[in-house]
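Straight run, no breaks: the sequence shown in this note's numbering ends on number 247. Using N, Cα and C, we set each Cβ at its ideal position, and we do this for glycine too. Just so it is clear, the structure is predicted and the values come from calculations on it, not from any experiment. To keep things clear, I will list the structure first and then write my remarks on it.
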Amino acid sequence: MRSEARTVRNAANAVVLNEGRILVQRACWEGQDRCFLPGGGQHPGETLGFTVRREVHKETGLDVTPQRLLWLCEYIGSRHGGAPEDHRVEAIFLCQPEGDPEQLGGHAADDVQTGLEWVELKKVTGLNLLPHGLRPLIAGLAHGKSPTRYLGDLA
Numbered sequence: 093m094r095s096e097a098r099t100v101r102n103a104a105n106a107v108v109l110n111e112g113r114i115l116v117q118r119a120c121w122e123g124q125d126r127c128f129l130p131g132g133g134q135h136p137g138e139t140l141g142f143t144v145r146r147e148v149h150k151e152t153g154l155d156v157t158p159q160r161l162l163w164l165c166e167y168i169g170s171r172h173g174g175a176p177e178d179h180r181v182e183a184i185f186l187c188q189p190e191g192d193p194e195q196l197g198g199h200a201a202d203d204v205q206t207g208l209e210w211v212e213l214k215k216v217t218g219l220n221l222l223p224h225g226l227r228p229l230i231a232g233l234a235h236g237k238s239p240t241r242y243l244g245d246l247a
């Protein structure tokens, strides 16, 4: 198979849990209210653990401790109607907030970000959370279901 991607972008995202709730970013993306996990792109020379700490702090104001890798997934844009050069590999870490988890407000929110919200795990399946394939996995955390696994190309 010939690759259409010009580069592959690595990213680290966080499942930040506190008292049965998960922290999500609210955003207006492609004209819809959506939710995303906080996180972002890895810089050269950074470990993925450092990336997730830096990005979560930048976007939410929280310091977090990555506890373990939950999932590894990819997004290949050409398979989902996106740009052929959009290919991301995302490491999703379970993270513990440090300090007061209610003190939210990052210094560099994403352009599309409209807010931050703590959502009960049992309500995650009803969110317009992207990628959609994460919703049942995140909801399963409420029942202790969280095997580390590779999820493949997930939209």
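Three-state secondary structure (DSSP) at Pro158? strand
With the cut-off set at 9 Å, would you say Gln205 and Glu138 are in Cβ contact? No, these two residues do not count as a Cβ contact at 9 Å.
In the structure shown, what three-state DSSP assignment does Arg118 receive? strand
In angstroms with no decimal places, state the Cα-to-Cα distance between Val148 and Arg126. Near 18 Å, if we compare the C-alpha coordinates of Arg126 and Val148.
Once DSSP output is grouped into helix, strand and coil, what is the label at Arg126? Secondary structure at Arg126: strand, using DSSP grouped into helix, strand and coil.
Please state whether DSSP places Gly218 in a helix, a strand or coil. helix
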